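In what follows, a structure is listed as structure tokens, so that the remarks can point back to it.
Residue numbers (our numbering): 858 to 1159.
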């Protein structure tokens, strides 16, 4: 990986890691529905030029490059991706942000590849290797260790928030597999921009109903919301697909290991969040499980 591409990878990891900080700050002043709806709307507006660029070209250049699907079929599949990769997870994360620390949430988010591998084996007929099964076990032990203090109590808001993030990452895992099997030949940037645009259309009524809340936002919360939508959700997609284009998907997967580092650090730096032994050991187990599951330790032939 060239130095400039590695810097892009670090920048993307920092941007995505900061999203948990931005959510935590904004969630102190906006309710779940308002936070998620505004995030979706701002992200959709940020990527709307890309969406309309592809959409206006659809008559002379089909959305599916290999012409395996009609434009209508492409939109139908993207709608499923929009629900499972954007709309529902954003509401789940918005709920969790009001109840648990930013660093904690960023580590739980790192379980996405574990769910991706598990769902690929259970629902999409991909055979799980012994290494993948080992990685899954280690990763989920890490989740239990990370959440051990919260699992001891009643079914309160903190524990429900853990379940919300686990559900969101499970949806991410499903969405990645669904897109891989149903959207081959469709440009990733169109999938990203269209899924956010469709999500914004679905949540438009909630966005309009939440508009009065903006008047009461503090400067910190307003700037955090803008950064969350435009930077951490919209522009981050462009960086991600640039890295895939220049360095390949395997290198791009490195963000999985870097996001929790930035998430925990920024939560400690700006919100004075504690870095507990559970966060350190649980986080390390999760990342080890992800590394084993995704084949990071597998020797590749040159």
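Cβ coordinates follow ideal geometry from the N, Cα and C atoms, glycine included. For clarity, every value in this text was computed on a predicted model and none was experimentally measured.
query                                                                                                                                                                            : result
Going by beta carbon distance, what residues of the same chain come within less than 7 Å of residue 995, once the five residues before and after it are set aside?               : 1142, 1145, 1146, 1149
Could you tell me which whole alpha helix (DSSP H) segments of length 4 or greater appear in the region 1043-1130?                                                               : 1045-1059, 1061-1071, 1076-1083, 1093-1104, 1106-1109, 1112-1128
How about residue 1087 and residue 1100: are their beta carbons less than 7 Å apart?                                                                                             : no
In chain order, what residues of the same chain lie with their CB nearer than 6 Å to the CB of residue 1063, ignoring the 5 residues before and after it?                        : 890, 894
Tell me, please, which residues DSSP counts as bridged to residue 921.                                                                                                           : 1043
For the alpha helix (DSSP H) containing residue 876, list its first residue and its last residue.                                                                                : 860-884
From residue 915 to residue 922, what distance separates their C-alpha atoms?                                                                                                    : 10 Å
Just the C-alpha distance for residue 958 and residue 970, rounded to the nearest angstrom, thanks.                                                                              : 22 Å
Would you please state the rounded distance, in angstroms, between the beta carbons of residue 1096 and residue 868? I believe it to be under 8 Å.                               : 7 Å
Should the region 876-884 be regarded as contacting the region 1074-1082, the criterion being three or more beta carbon pairs within less than 8 Å?                              : yes
Less than 7 Å between C-beta atoms, sequence neighbours within five positions excluded: which residues of the same chain meet that for residue 991?                              : 1149
Look at the alpha carbon of residue 1158 and the alpha carbon of residue 1073, and state the distance between them as a whole number of angstroms.                               : Here residue 1158 scores only 47 on pLDDT, less than 50, and its place in the model is too uncertain to base an answer on.
I'd like to know if the region 926-940 and the region 964-978 are in contact, where contact means that at least 3 CB-CB pairs between them fall below 8 Å.                       : no
Which runs of the alpha helix (DSSP H) at least 4 residues long sit entirely within the region 962-1012? Give them in chain order.                                               : 969-980, 987-1003, 1005-1008
Residue 892 lies in the alpha helix (DSSP H); which residues open and close that run?                                                                                            : 889-913
Taking the alpha carbon of residue 998 as the point to measure from, which residue in 937, 1057, 1139 has its own alpha carbon closest?                                          : 1139
Can you tell which of 1136, 966, 1044 has the C-alpha that lies nearest to the C-alpha of residue 874?                                                                           : 966
Taking DSSP as the reference, what is the three-state secondary structure of residue 1158?                                                                                       : Legend: pLDDT at residue 1158 = 47, less than 50; position of this residue unreliable, value from coordinates given subsequently. Three-state result, residue 1158: coil.
Considering Cα atoms alone, identify which of 1033, 1120, 968, 909 is closest to residue 941.                                                                                    : 1033
Which residue from 918, 938, 1067 puts its Cα closest to that of residue 1027?                                                                                                   : 938
Just verifying my parser: in three-state terms, what is the DSSP assignment at residue 926?                                                                                      : coil
Whose CA, out of 1053, 1002, 909, 1133, lies closest to the CA of residue 1090?                                                                                                  : 1053
Excluding the 5 residues preceding and the 5 following residue 1067 in the sequence, name in chain order all residues of the same chain whose CB lies nearer than 7 Å to its CB. : 890, 891, 894, 895
Look at the alpha carbon of residue 1018 and the alpha carbon of residue 944, and state the distance between them as a whole number of angstroms.                                : 17 Å
Could you pull out every residue in the same chain whose Cβ sits closer than 7 Å to the Cβ of residue 919, ignoring the five residues on either side in sequence?                : 928
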